[in-house]
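Presented below is the structure to which this report refers.
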Amino acid sequence: MNILIENNDTHEFLTSTGTWTQNPLEGKLFPATVTAFRAARKEAIGKFNIVFHIPQTNQFVNLNHGRGAGVPGAVDELSQKEN
């Protein structure tokens with residue numbers, strides 16, 4: 002199965018090296034949605050989607066969604082802008 006983690010904000014996919022790509026064929030494949038969900042929760046991203054990618058037709062099926070660990074420093078930047 003082609004289960005991927007998609008960054009909801011950038012629509013990029015997590016690769017096996019921990020970087021992000023716009024090409025779903027370069028995304029890290031997960032064996033199950035629960036495995037992908039657990040991994041995504043640890044990533045320094047905001048909202049994410051767990052998607053099933055069908056390469057033959059380049060279609061995506063949204064299987065689940067959630068929030069990652071957040072972008073490091075994002076809260077600090079927001080606090081500074083408010084002051």
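Using this note's numbering, you'd call the opening residue of the sequence shown number 2 and step up by one each time. We treat Cβ as the ideally placed atom computed from N, Cα and C, and that holds for glycine.
Item, Value
"Residue 36, DSSP secondary structure in three states", "helix"
"Residue 48 - containing beta strand (DSSP E), residue span", "48-55"
"Through-space distance from residue 33 to residue 54, alpha-carbon basis", "13 Å"
"Simplified DSSP assignment, three categories, for residue 30", "coil"
"First and last residue of the uninterrupted beta strand (DSSP E) at residue 60", "60-68"
"Cβ-based burial, residue 62 [other Cβ within 10 Å; buried from 16]", "exposed"
"Residue 31 beta carbon less than 8 Å from that of residue 22", "no"
"Beta-carbon spacing of residue 4, residue 41 below 8 Å", "no"
"Cα-Cα separation between residue 17 and residue 58, rounded to whole angstroms", "23 Å"
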